[in-house]
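In what follows, a structure is listed as structure tokens, so that the remarks can point back to it.
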Amino acid sequence: MPDAPKLPADLTEAEAVEELTALADEIARHDIAYHQQDAPTISDAEYDELKRRNTALEAAFPHLIRENSPSTRIGAARAEQFSPVEHGVPMLSLDNAFSNEDALEFDARIRRFLRLSGSEEVGYTAEPKIDGLSASLRYEKGVFVQGATRGDGRVGEDVTENLRTIADIPKRLAGEGWPDVIEIRGEVYLGHEEFAALNAANEAAGLKTYANPRNSAAGSLRQIDPKITATRPLKFFAYAWGLLSESFAQTQWEALAKLKAWGFQTTPQSQRVISGQGLLDAYADMEAVRPKLGYDIDGVVYKVDRLDWQQRLGFITRTPRWAIARKFPAQQARTILEAIDIQVGRTGAITPVARLHPVTVGGVVVVNATLHNADEIARKDVRIGDTVILQRAGDVIPQILGYVPEERPADAVPYEFPTVCPCDLRTPIVKETTAAGAETVVRRCSGEFACPFQRIEHLRHFVSRRAYDIEGLGEKQLTAFFERGWVKEPADIYRLARDEEKLAELRTTEGYGETSISNLVAAINAKRRIPLDRFIFGLGIRHVGETTSLALARHFETYEHFVQIAQAAAGQVGGENYAALLELDGLGPTAVRALLDFGGQQLALLVPEDASLDKRLQLAVPKLNARARSALIERFGDWDTIVRVARQAADEEPGEEFRELSGVDAVGPVAARMIAQFFAEPHNRAKVEALRGQLDEVIAAERPKTDTAVAGKTIVFTGSLEKMTRDEAKAQAEGLGAKVSGSVSKKTDLVVAGPGAGSKLKTATDLGIQVMTEDEWLALVGG
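In case it helps, the UniProt record's numbering puts the sequence shown at residues 1 to 783.
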């Protein structure tokens, strides 16, 4: 049997970084196939497992923020053939649960956040999760005026006329009590019988057939001609709302009843339940009724029923705390591994990709899968020609679990990982090392910017939807411009738009007419004003994804401030001993801080010399948990070495600007080091300056509130809070225009300290920073 994959807790930080990066790339490709092309290459269950593993890894390594994290994305950007519609309130995605334990933990999290007593009941609605296409319907004075797809959650596609053709969508609301303005959210779907009839008719006519009802519904709704949509028997279930001019209900359950009274179809299987056991019972009921339904559902959505509690619970990045999707389990499948291709990523990371004999799993054709790295291939011992097992459920990342021994061909040989890049330069592939000198499982092309694959990938990232979003510059165009020598770095894209000589040459190139050139120039010039968060994200710095970029933009507010701190931090990264502590598996930020404080104290060595090493660590550094102590003992071996490393690490601690950078919420030391190293390179600074020179404006981040007692102040919460959770306190402070940091520095304005506050409180006292209790904080902010 193939070996089981490592649990997140058993991975080193370097392994987690590599795996998270591979996951982000894989999921991004599937997002485009699913949301824009209505042609997924893997099943929903397989996609869910990729995201589930990503979530598990990020929970185990919360300080690792990598490019384009799937946990910060909603859907995919709109298709170009539809006009954009900005949602009044973002259309959020949901976190997933896969087991009874996950569902009970969801209930427990709700109780912890709200600080409920054990006897206080929590009501939920349990609604079937319709497998269709999300849509938002805007009504004004009860009249349907505009409809849009989800898109990327912020901007969707205008499909108003197509939605008007769906009988389940009322043109005018019935009844009474609806707000003057309201966005109704729900799911467009196709029933099983209608799907079968549509595919049969298309096949007979020689037209496109669809893989499953969801793809069929999506393709039908997103027709350019609404007359075609009108011929498709689409349906609509309403279950939520977005922007509204006034509230209309106190609970989710009451809201569903009103949606039905206004003329919408709502899911008849929905039910209101109480607490954790109710969630489990509702899931069992839905699982039992699923085969009898005339349409696809892929799980159950749990929502906290009380709307005031929903508001209090709020959101985590782009998912609500008050709702979760409990997904149905899936299956496994077998197919033939026909080839292993090598892909070179933007940062030079080498990713092996399995090319599979097409296999239909859950109605979706699967043709490829990531194999992550050379060590993973060797561990699983998968070989070209093997019959392999594809995993669609469970806590597994690789889609390929292993091979079937009895079906291995006699001539199958172990796969030899390449030692040179497949690019024309044939530069060596090398193993990546950490800042402390330890080898990782990641292999990279050593050619860096000389490698054409990496340079083109950098450019593709720069123009991508979530970075600068320059339409008309796809891989084909970028590759052609790169090979001509016209576009080698981002600033060249803007130079090209004003280079009449090159544009004239384009007019003689097949495929470039006057209109296409004018459109390209207009698309480039339209992005000479760019928000700061997109500017940062577009630089393509490793581990700096959308969430990190947005956090940096909100913290530093202007381009000048961000670059000033990033360049100053370039020489303040810290020494090898400091890096060794950061990279040691098992040590989080709190443990590292405790060790640095320990290293700077002379009296900390007064512990019994005859005690065990674990006991001495426990006495000297009380904040170290058992896992951290074990990691230190395994890595350094004896007391004297641990003391020496801690002392030297304390002396090597980074400078103030680096600490500010890493202290920004959602950044952390790993991403901060990548930013510092990026700006330490002269050619990178030159690229940034050249790019800024081609832009008209880097738009400052939206300024937070300025009319509150804490607006503009940097706040640190430490110790145990007794009247609210840490997450609630952070959300409250940010909502009032404050910045919340994870570390204390000279730039900290206020420290809110609860019982058990340690090193942060001491640092604040030493620096003369104002410290207040939780009660004093609540009195200050009127909470």
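Idealized CB from N, CA, C, for every residue including glycine.
Since the structure is predicted, the reported quantities are computational estimates derived from the model, not experimental observations.
Asked                                                                                                               : Found
Residue 536 classed as buried or exposed, judged by whether at least 16 other C-beta atoms fall within 10 angstroms : buried
Three-state secondary structure (DSSP) of residue 91                                                                : coil
Helix, strand or coil at residue 322 according to DSSP, with G and I counted as helix                               : coil
DSSP state of residue 357 mapped onto helix, strand, coil                                                           : strand
Residue range of the unbroken alpha helix (DSSP H) whose run includes residue 559                                   : 559-569
Exposure label - residue 92; buried when at least 16 CB within 10 Å                                                 : buried
Of the residues 758, 642, 672, 245, the one placed nearest residue 836, counting alpha carbons only                 : What the structure shows of the chain is the stretch from 1 to 783, and residue 836 is not part of that stretch, so it cannot be assessed.
Length-filtered (4 minimum) alpha helix (DSSP H) runs lying within the stretch 94-175                               : 100-114, 160-164
Nearest-angstrom Cα separation, counted from residue 20 out to residue 649                                          : 28 angstroms
Environment of residue 259 [buried if 16+ CB atoms lie within 10 Å]                                                 : buried
Neighbourhood of residue 629 by C-beta, 7 angstroms cutoff - its chain only, sequence neighbours within 5 removed   : 614, 617, 618
Alpha-carbon to alpha-carbon, residue 422 and residue 198                                                           : 45 angstroms
N- and C-terminal bounds of the alpha helix (DSSP H) containing residue 454                                         : 452-463
Supposed close pair residue 383, residue 368 - CB separation, criterion 8 angstroms                                 : Contact flag wrong, Cβ pair sits at about 17 angstroms.
Selected residue, minimal CA-CA separation from residue 190, among 61, 178, 122, 229                                : 229
Whole-Å CB distance - residue 731 paired with residue 715, under 8 angstroms assumed                                : No, residue 731 and residue 715 are not in contact; Cβ-Cβ is about 12 angstroms, not under 8 angstroms.
Assigned secondary structure, residue 741 (DSSP; H/G/I helix, E/B strand, else coil)                                : strand
Sequence-distant residues of its chain with Cβ nearer than 8 angstroms to residue 761 (five each side left out)     : 718, 719, 751, 753, 771
Contact check, residue 504 vs residue 471, beta carbons under 8 angstroms                                           : no
Cα-Cα separation between residue 427 and residue 483, rounded to whole angstroms                                    : 19 angstroms
CB of residue 565 within 8 angstroms of CB of residue 657, strictly                                                 : yes
Nearest residue (CA-CA) to residue 257, options 175, 296, 276, 206                                                  : 175
Which listed residue (181, 585, 592) has its alpha carbon closest to that of residue 145                            : 181
Rounded C-alpha distance that separates residue 9 from residue 493                                                  : 44 angstroms
Between the CA atoms of residue 179 and residue 250 - distance to the nearest angstrom                              : 14 angstroms
Closest by C-alpha distance to residue 27, when choosing among 14, 50, 13                                           : 50
Check whether residue 221 and residue 183 have beta carbons under 8 angstroms apart                                 : no
Between the CA atoms of residue 64 and residue 543 - distance to the nearest angstrom                               : 7 angstroms
Own chain, CB closer than 6 angstroms to residue 360, minus 5 neighbours either side, in chain order                : For residue 360, the predicted model reports a pLDDT of 47, less than 50, meaning its position is unreliable; a value from the coordinates is still stated below. There are no such residues.
Three-state secondary structure assigned by DSSP to residue 239                                                     : strand
For residue 340, three-class secondary structure by DSSP                                                            : strand
Counterpart residues of residue 445 in DSSP-defined beta bridges                                                    : 429
Buried or exposed by the 16-neighbour rule on C-beta atoms within 10 Å, applied to residue 107                      : buried
Residue 186, enclosing beta strand (DSSP E) - first and last residue                                                : 181-189
Alpha carbon of residue 96 to alpha carbon of residue 500, nearest angstrom                                         : 52 angstroms
Top-ranked residue by Cα proximity to residue 609, from 639, 508, 525, 227                                          : 639
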